[in-house]
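Q:
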Amino acid sequence: MSLERHQGGWVIVFSFILALLLAIIPLPDWIILWRPEWVAMTVIYWCIALPERAGVFTGWLAGIAMDILYSTLLGHYALSYALLAYISLKIHRRLRVFPLPQQVFIIFLLIAFIQLPGLWVRGIQGHPSTLFELLYPAVTSMLLWPWAFISLRMLRQHFHVR
672 MSLERHQGGW VIVFSFILAL LLAIIPLPDW IILWRPEWVA MTVIYWCIAL
722 PERAGVFTGW LAGIAMDILY STLLGHYALS YALLAYISLK IHRRLRVFPL
772 PQQVFIIFLL IAFIQLPGLW VRGIQGHPST LFELLYPAVT SMLLWPWAFI
822 SLRMLRQHFH VR
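Structure follows, in structure tokens:
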């Protein structure tokens with residue numbers, strides 16, 4: 672057990688609240704399919720930055736919040752984000768040392784992967800989606816990852832979150 676105290680937990684909570692707000696901002700119909708996965712990117716960041724503080728339970732809680740905000744089948748996002756957190760924790764040492772261009776590619780794969788349960792659930796509910804709809808949020812999340820990563824890292828360093 673570490674002897675230094677954890678601090679800055681409110682920064683982590685604040686970043687998730689901000690990500691949830693970004694996830695529900697109204698967008699025009701033509702761009703709604705391209706909405707980035709802000710909450711998923713936040714889960715990935717905290718799992719690779721502070722794996723001892725953010726984990727599968729954090730991903731699950733963020734997913735439950737998304738299920739409630741989007742009024743989806745309860746557990747749809749919770750399962751996806753818990754799985755995302757688990758994978759992020761498993762690869763966090765490698766992902767942490769990758770330069771941003773390589774991280775961007777991994778983020779694309781992770782976001783595309785967590786879109787699969789949603790594609791499956793929508794298909795079961797009678798709302799079939801194409802495979803391309805799965806890739807749109809992954810592409811925008813990939814393009815915005817450097818900005819999100821640097822912003823969250825600056826926030827973490829400024830408030831000395833440990």
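Sequential numbering of the sequence shown, starting at 672, is according to my numbering. Virtual Cβ for every residue (Gly too), placed ideally from N, Cα, C.
(1) Could you give the residue range of the alpha helix (DSSP H) that holds Ala733?
(2) Excluding the five sequence neighbours on either side, which residues of its own chain have a C-beta within less than 6 Å of the C-beta of Trp709, listed in chain order?
(3) Taking buried to mean at least 16 other C-beta atoms within 10 Å of its own C-beta, is Phe685 buried or exposed?
(4) Which same chain residues end up closer than 8 Å to Ala725 when comparing Cβ atoms and leaving out the 5 residues on each side of it in sequence?
(5) Rounding to the nearest angstrom, what Cα-Cα distance links Ile785 and Thr743 in this structure?
(6) So Ala720 packs on Arg827, CB below 8 Å; how close in whole Å?
(7) For Trp774, is the classification buried or exposed, using 16 other Cβ atoms within 10 angstroms of its Cβ as the cut-off for buried?
(8) In chain order, what are the residue ranges of uninterrupted alpha helix (DSSP H) at least 4 long that sit wholly in the region 742–798?
(9) Use the C-beta contact count for Thr801: other C-beta atoms within 10 angstroms, 16 or more gives buried, fewer gives exposed.
(10) Out of Gly730, Leu698, His763, Gly734, which has the shortest C-alpha to C-alpha gap to Ile777?
A: Let me lay it out:
(1) Against the sequence shown, residue 733 aligns to sequence position 62. It spans 727–741 - the alpha helix (DSSP H) in which Ala733 sits, taken as one unbroken run.
(2) Locating residue 709 in the sequence shown gives position 38, counting from the first residue. Counting only Cβ-Cβ distances below 6 Å, and skipping sequence neighbours, we find Ala690, Leu693, Ala694.
(3) Here residue 685 refers to the residue found at position 14 of the sequence shown. Classification of Phe685: exposed, given that the 10 Å Cβ count is below 16.
(4) Sequence index remark: in the sequence shown, residue 725 carries index 54 (1-based). So the list reads Ile683, Val714, Trp717, Cys718, Ala756, once near-sequence residues are dropped.
(5) As a first step, residue 785 must be located in the sequence shown, where it is residue number 114. As a first step, residue 743 must be located in the sequence shown, where it is residue number 72. Cα to Cα, Ile785 sits roughly 15 Å from Thr743.
(6) Taking the first residue of the sequence shown as position 1, residue 720 is located at position 49. Taking the first residue of the sequence shown as position 1, residue 827 is located at position 156. Contact flag correct, Cβ pair sits at about 6 Å.
(7) Stepping through the sequence shown from its first residue, residue 774 is reached at position 103. A quick correction: the sequence has Gln, not Trp, at residue 774. Answer is buried; the Cβ neighbour count reaches 16.
(8) 747–768, 771–795
(9) Along the sequence shown, read from residue 1 onward, the residue named residue 801 stands at position 130. With fewer than 16 other Cβ atoms within 10 Å, it is exposed.
(10) As a position in the sequence shown, residue 777 is number 106, starting the count at 1. Residue His763 is the option with its Cα nearest to Ile777.
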